[in-house]
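**Q**
Numbering (our numbering), first residue to last: 18 to 576.
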């Protein structure tokens, strides 16, 4: 495919980029997709059947493998070779990147929760942040299509925080584990529901992907396609149309424009040769991740776009949000010494606790806005390198203590909504560049009182549930100590947010730049808010919806 033939050029092969490529090729449009990382084939490269005992340090995390020796992420993590980023004074932010075909979808937790009507119109309720430029009803049919295509297991719970899916869309969830049932029973006494988590993991075969057989960690990658990643689904589907060309090791440097300021294509570095190439395209879609796409726009400034491309509003890089995170756990006496059996399941929690506090907030009974959920941990798992410091003795006595406590620990991982604030944004470092001479991102970060009060509430709630289980939790840490760092949950969004007006947003509801009609953003950067739910399902849903709209514009000659 010659440069002159490029109809649509997509930057990024993760959730948004791969979905855009799939939908556009399915509708008959030619796409060239650029990926900054190397090619990757999980069918032959995944270590999904490797055991901790065969790995250095029993598979434990290391500085170059943040999630363990066998994690699927290649050449990535919170630090990437040859690609630094910086933080402003008194700021700390952790930026996760995966330099590989499929991006973060090879690694992610596969939690797939719909945003609700509460989530899209938060400002209308409490006056904070920004509303999305559409209603839940507008996106609901696209959630239906995305869930059916991706394959999501779960159930309709009837809870106001979890919008229902049509009959036949959701696949059956796995059965709850014993620790999860105990937590659910204790939470119920406090009026708090625990329900099946929705995950992008197949429990029934779908197209040419097999059902999960509950044997290996999803974070290793999935050669059978049961745990969703674009490398076993959307990208092969798009390639099968004959309309997709993939180019890996292609580090995009800038989005190019003509003398009138119209987008003409991109400039990229071939990482294998170090040479720079120009590609011309009718339409450019950025789906490189929220902060990478914003970096590209800010680095693409010209005389016609002095603040950076698509930045007449001054909002590119602003409104940076991540999910809040905090962890708490304890030993549950009732779980000690139970018979040992395989409790793997589909790796992650089978039950979770969704946000239950909308009515309390409406009645102004809580001192923080928005909500959070708890991802539950606790099961018989594969032994690792962790050591229980409470163990005493040696020999058979020590072994008996280990067996007695095995599978008796439970944990709560809080994941909550963050509101945008003027202290959290990214810009371009004035002096630092990466290996290819591209100026790097610089982060500014500070949690607000909203998030700190939310975490305090979550820790106290988790302690109440654990206390009902007979656990000794001890004194809780202060929220400033407990809250995880910005970027640590890997849900950064908002840097190119969509809106109803070009004065305070970067794109319209279709991800189309207000300033450059043939430039689109289809990653988490377009999020107007960052609900407590994991963002990948909504990134894919928006990319499908907006790519379908783009195809109609191309078909009628509007672009």
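For every residue, glycine included, the Cβ atom is placed at its ideal position computed from N, Cα and C. Here the structure is a predicted model, which means the values were calculated and not measured.
For residue 92, tell me which candidate among 113, 74, 108 and 462 has the shortest Cα-Cα distance.
**A** Among 113, 74, 108 and 462, the Cα nearest to that of residue 92 is on 113.
**Q** Taking the beta strand (DSSP E) that residue 343 belongs to, which residues open and close that run?
**A** Its beta strand (DSSP E) spans residues 341–348.
**Q** What do you reckon, are the CB atoms on residue 50 and residue 27 nearer than 8 Å?
**A** Against a cut-off of 8 Å, the Cβ pair of residue 27 and residue 50 comes out as a contact.
**Q** How big is the Cα-Cα spacing for residue 532 and residue 278?
**A** Between residue 532 and residue 278, the C-alpha separation is close to 9 Å.
**Q** Tell me whether residue 134 is buried or exposed, calling it buried when 16 or more other Cβ atoms sit within 10 Å of its Cβ.
**A** Its Cβ having fewer than 16 others within 10 Å, residue 134 is exposed.
**Q** Out of 211, 169 and 149, state which residue places its alpha-carbon closest to the alpha-carbon of residue 482.
**A** Per the Cα distances, 211.
**Q** Which residues in the same chain as residue 526 place their Cβ atom closer than 7 Å to its Cβ, once the five residues preceding and following it in sequence are excluded?
**A** Same-chain partners within the cutoff: 150, 151 and 515.
**Q** Could you pull the DSSP bridge partners for residue 294 from this structure?
**A** Its beta-bridge partners are 285.
**Q** Apply the 10 Å Cβ neighbour rule to residue 486 and answer buried if 16 or more other Cβ atoms are within range, or exposed otherwise.
**A** Buried, because 16 or more other Cβ atoms sit within 10 Å of the Cβ of residue 486.
**Q** How many angstroms separate the CA atom of residue 219 from the CA atom of residue 106?
**A** When rounded, the distance between both Cα atoms is 45 Å.
**Q** Which residues in the same chain have their Cβ closer than 6 Å to the Cβ of residue 354, if we skip the five residues on either side of it in sequence?
**A** So the list reads 421, once near-sequence residues are dropped.
**Q** Per DSSP, which one or two residues make a beta bridge with residue 456?
**A** DSSP output for residue 456 lists 450 as bridge partner(s).
**Q** Measure the beta-carbon distance from residue 443 to residue 251 and round it to whole angstroms, keeping in mind my assumption that it falls under 8 Å.
**A** In fact, because the Cβ distance is near 28 Å, the residues do not count as touching under 8 Å.
**Q** Residue 70 by DSSP, collapsed to three states: which one?
**A** DSSP places residue 70 in helix when its eight states are reduced to three.
**Q** Look at the Cβ atom of residue 246, then the Cβ atom of residue 122, and state whether they are nearer than 8 Å.
**A** Against a cut-off of 8 Å, the Cβ pair of residue 122 and residue 246 comes out as a contact.
**Q** Residues bridged to residue 426 by DSSP?
**A** Residue 426 pairs with 348.
**Q** Let's see if you can read the secondary structure: which residues bound the beta strand (DSSP E) around residue 131?
**A** No beta strand (DSSP E) holds residue 131; DSSP gives it neither H nor E.
**Q** Can you name, in chain order, every residue of its own chain whose Cβ lies under 7 Å from the Cβ of residue 258, other than the five neighbours on each side?
**A** Within the same chain, residue 258 has close Cβ partners 42 and 43.
**Q** Need the endpoints of the beta strand (DSSP E) that residue 268 sits in, please.
**A** First-last of the beta strand (DSSP E) with residue 268: 267–274.
**Q** Give every residue of the same chain whose Cβ lies closer than 6 Å to the Cβ of residue 136, excluding the five residues on either side of it in the sequence, and list them in chain order.
**A** Closer than 6 Å at Cβ, skipping near neighbours: 548.
**Q** Who pairs with residue 590 in a beta bridge, going by DSSP?
**A** Residue 590 lies beyond the stretch modelled for the chain, which goes from 18 to 576, so this question has no answer here.
**Q** In the DSSP assignment, find the unbroken beta strand (DSSP E) run with residue 370 in it and report its ends.
**A** Unbroken beta strand (DSSP E) run through residue 370: 368–370.
**Q** Please go through the same chain and pick out, in chain order, the residues whose beta-carbon is closer than 6 Å to the beta-carbon of residue 570, but skip the five residues on each side of it.
**A** Here the set comprises 576.
**Q** Quick check on this structure: which residue in 275, 146 and 274 has the alpha carbon closest to the alpha carbon of residue 336?
**A** Ranking the options by Cα distance to residue 336, first place goes to 146.
**Q** Among 519, 55, 185 and 471, which has the Cα closest to the Cα of residue 341?
**A** Of 519, 55, 185 and 471, the residue nearest in Cα terms is 471.
**Q** Secondary structure at residue 213, three-state DSSP: helix, strand or coil?
**A** Three-state result, residue 213: strand.
**Q** From residue 24 to residue 89, what does the alpha carbon distance come to, in whole angstroms?
**A** Using only the alpha carbons, I get a separation of about 32 Å.
**Q** Beta-carbon within less than 8 Å of residue 177's beta-carbon, same chain only, minus the 5 sequence neighbours each way: which residues are those?
**A** The answer, listed in chain order, is 133, 135 and 375.
**Q** Going residue by residue through the region 398–442, where are the continuous beta strand (DSSP E) segments of at least 3 residues, counting only ones entirely within it?
**A** Listed in chain order, the complete beta strand (DSSP E) runs (minimum 3 residues) inside the region 398–442 are 426–433.
**Q** Entirely within the region 483–524 and at least 4 residues each: give me those alpha helix (DSSP H) ranges in chain order.
**A** Within the region 483–524, the complete alpha helix (DSSP H) runs of at least 4 residues are 496–499.
**Q** What do you get for residue 52, buried or exposed, if any count of 16 or more other CB atoms within 10 angstroms of its CB means buried?
**A** By the neighbour-count rule (16 or more Cβ atoms within 10 Å), residue 52 is buried.
**Q** Here's the rule: buried if 16 or more other CB atoms are within 10 angstroms of the residue's CB, otherwise exposed. What is residue 497?
**A** Classification of residue 497: exposed, given that the 10 Å Cβ count is below 16.
**Q** Closest to residue 200 by C-alpha separation, out of 325, 314, 183 and 395, would be which residue?
**A** Answer by Cα proximity: 395.
**Q** Using 8 Å as the threshold, is the C-beta distance between residue 327 and residue 523 below it?
**A** Yes, Cβ-Cβ distance for residue 327 and residue 523 is below 8 Å.
**Q** In three-state terms, what does DSSP make of residue 18?
**A** Legend: pLDDT at residue 18 = 45, less than 50; position of this residue unreliable, value from coordinates given subsequently. If DSSP states are grouped into helix, strand and coil, residue 18 belongs with coil.
**Q** State the start and end residues of the unbroken alpha helix (DSSP H) segment that holds residue 392.
**A** First-last for residue 392: 389–394, but that is the beta strand (DSSP E), not the alpha helix (DSSP H).
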